Amino acid sequence: MKKIILIALTFLSILNSHGQTADYIIRNGKLIDGMGNQWQYKDVAITKDKIVAIGNLQNWKGTREIDAKGFIISPGFIDVHGHIENAAIRNPLASNFIYDGVTTVITGNCGGSMESLKKYFNTIDSVGVAINIASLIGHNTIRKQVMGTANRNATEQELMQMEQLAQQAMKDGAAGMSTGLIYIPGTYAPTSEIVRLAKVVSNNGGVYSSHIRYEEDKVVDAINEAINIGREANIPVEISHFKVSGQNNWGRSKETIPLIVNARKEGIDVTIDQYPYTASSTQLSVLLPDWVLSDGQDSIMSRLKNSSIRKKVAAHSMGIIKKRGLKHFSYAVVANYSADSTYNGKSIEEINILRGNKNNAKQEAETIIQMIEKGGAQMIYHGMSEEDVKTIMKYPFNMFASDAGIVNFGSGMPHPRAYGTNARVLGRYVKTLGVISLEEAIRRMTSLPAQKFNLRNRGLIKEGYFADIVIFDEDEISDASEYNQPHQYSKGIKYVWVNGALSIENGVQNKARKGIAIRNENN
């Protein structure tokens, strides 16, 4: 096999010396290959869906030639933590990702995925999506199929059923398994259950990706749980949207990062990802105790009608802000409330006042409960420190991820990370603040995630690799999306290719939908 490859490369070299043609030739740009190397002036040739040549290609001719003078040529960015599921079918252009330079998204995170990945991948390939999509199988999804949202440990028979579902998902091409251990029903699962399923995933060449059990006061315990799962199941671990939440926990990144460093010294393949913002985004229901959310909506509603339970729930919510040293839920802002869209962009404190209630935490807690009774809401929680964000970003085995879905432009008040994650890293944290170098940032966005999630022949500018390529202006690159005006695409992305198809040209997206479903081939 090695001889065949050597002969092919030699033949390609001979052909190159006599001049060749390609579909696209990118000239005069500063090429950053994705490995962390410094930029070099090199041309890139693309034919069909592959990169076919790199270097001084003056003897080559392209059907189309792109002058990248003054710009950076980079591998397409890989977002390791998305939530795009059915949205990829409804909105296949995925513009908020493409305009941020993203060519591949890994979905199925935080324990939630499509039930049948075989069906999902086939649908992606038949519909045609602008980006490549890989998916994890969600532990919550598996548990719901077997146990619903029951608040108890699984029986041996149920564990075996869950193992079978995990095995099938891996056979169908899952990149691994995700957990969302703050969400129902994952929060009810003991560590031993996760280990059982993680062993199945490990035996099939997959990764364990976790929204850990705690991200606030007990964050150290939660990180150690994830590391222990990796140790016991002998599986690579990815800790999702690594952070320290709660104003009372600011500065603890100096405590949490060493946990990852020491685990890697032990030989556990643990890495992390991060979005470059000081606010998170998740459901309103995380402000309620776990025990009240089990067994479906009817059970939840029944419990909340009980005055004694309602008081306990309100006390739990008020306890959250007390620990943070706050008097109000001003840090909790509505992103999307389907029951009343006028609440979008307003904090719980503001909404409580609009309702004519007294301006105190007790009334705000009741407002939260009433909103849950109306179907809940997607929220933005302002609770992290900029210094922690920068400390975490400096860690070399840390990737970047939006933790976002495909956005309908103009709808709701989504977290800005849905539009600007990569551009923000490159514009703010590389160019303005100098937290990390440009070459290092590109490595974290490309080859590191490709290696971690077994995305073969992606993540590098390299001959024979898929032509997922981004050209951007390093002086202009920036995130435009803001909390009060989120629906703004990133600036500075000039060209994007996905599998050799030009998707953004001169800063404008076209209708190309050449992304594919990426199935795990390691099982």
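Under numbering that gives the first Met the number 0, the first residue of the sequence shown carries the number 0, and numbering increases by one thereafter. Just so you know, even glycine gets a beta-carbon here, dropped at the ideal spot from N, CA and C. Since we're looking at a predicted model, the values are computed, not measured.
Here DSSP, grouped into helix, strand and coil, assigns H381 to strand. By the neighbour-count criterion, in which a residue is buried when 16 or more other Cβ atoms sit within 10 angstroms of its Cβ, M159 is exposed. Judged by DSSP secondary structure, T20 falls within the beta strand (DSSP E) whose first and last residues are T20 to R26. Here DSSP, grouped into helix, strand and coil, assigns P395 to coil.
By the criterion of at least three beta-carbon pairs nearer than 8 Å, the segment 139-151 is in contact with the segment 169-188. Taking C-beta separations shorter than 7 Å and ignoring five residues to either side along the sequence, the partners of S329 in its chain run S346 and E348, following chain order.
In the three-state reduction of the DSSP assignment, T420 falls in the helix class. In this structure, K326 is the residue among I136, T270 and K326 with its C-alpha nearest to the C-alpha of Q246. When I299, K493, D474 and I259 are compared, the shortest CA-CA separation from N227 is found for I259. For L437, the enclosing alpha helix (DSSP H) starts and ends at L437 to M444.
A87 carries a helical assignment under DSSP once its states are collapsed to helix, strand and coil. Restricting attention to beta strand (DSSP E) runs no shorter than 3 residues, the segment 324-386 encloses them at 331-335 and 377-381, ordered along the chain. Between D22 and T46 a beta carbon distance of about 5 Å is seen, short of the 8 Å cut, so the two are scored as contacting. Following the DSSP letters along the chain, one finds H210 inside the beta strand (DSSP E) bounded by residues V206 to H210.
With a threshold of 16 other beta carbon atoms within 10 Å, R195 meets it and is buried.
Straight across, the Cα-Cα distance linking S244 with K513 is about 38 Å. As the crow flies, the alpha-carbon of I319 is around 8 Å from that of L286.
Approximately 6 Å separates the beta-carbon atoms of D99 and T420; this is inside 8 Å, confirming the contact. Across the set I132, I130, D402 and W59, the C-alpha of D402 shows the shortest separation from the C-alpha of N108. If you draw a straight line from the Cα of S306 to the Cα of Y336, it is about 25 Å long. One Cα belongs to R63, the other to N505, and the distance between them is close to 14 Å. Fewer than three beta-carbon pairs drawn from the segment 270-289 and the segment 352-363 are found closer than 8 Å, and the two stretches are therefore not classed as touching. Contiguous alpha helix (DSSP H) elements confined to the segment 58-125 occur at 86-89 and 94-97, taking only those with 4 or more residues.
By a beta-carbon distance limit of 8 Å, N397 does not contact G204. Their separation comes to about 23 Å.
Distance between S115 and Q144, taken at the CA atoms: about 11 Å. Secondary structure in the segment 460-515: the beta strand (DSSP E) runs of 3 residues or longer, each lying completely within the stretch, are 468-471, 492-497 and 500-504 in chain order. Straight across, the Cα-Cα distance linking P415 with F408 is about 12 Å. Shortest Cα-Cα distance from A93 to any of I350, I132 and K68 involves I132.
With fewer than 16 other beta carbons inside 10 angstroms of its own, R354 counts as exposed.
Each residue's CA atom was taken as its position, placing E162 and G175 some 13 Å apart. By the criterion of at least three beta-carbon pairs nearer than 8 Å, the segment 435-455 is not in contact with the segment 82-96. Contact check for S502 against S489 fails: the beta carbons are separated by 9 Å or more. Distance from Y213 to H240 at the Cβ level is roughly 13 Å; contact not present, criterion being Cβ atoms closer than 8 Å.
For T270, there is no enclosing alpha helix (DSSP H); the residue is found in the beta strand (DSSP E) stretching over V269 to Q273. For G179, the enclosing beta strand (DSSP E) stretches over residues G175 to G179.
When rounded, the separation of the alpha-carbon atoms in S316 and E365 is 9 Å.
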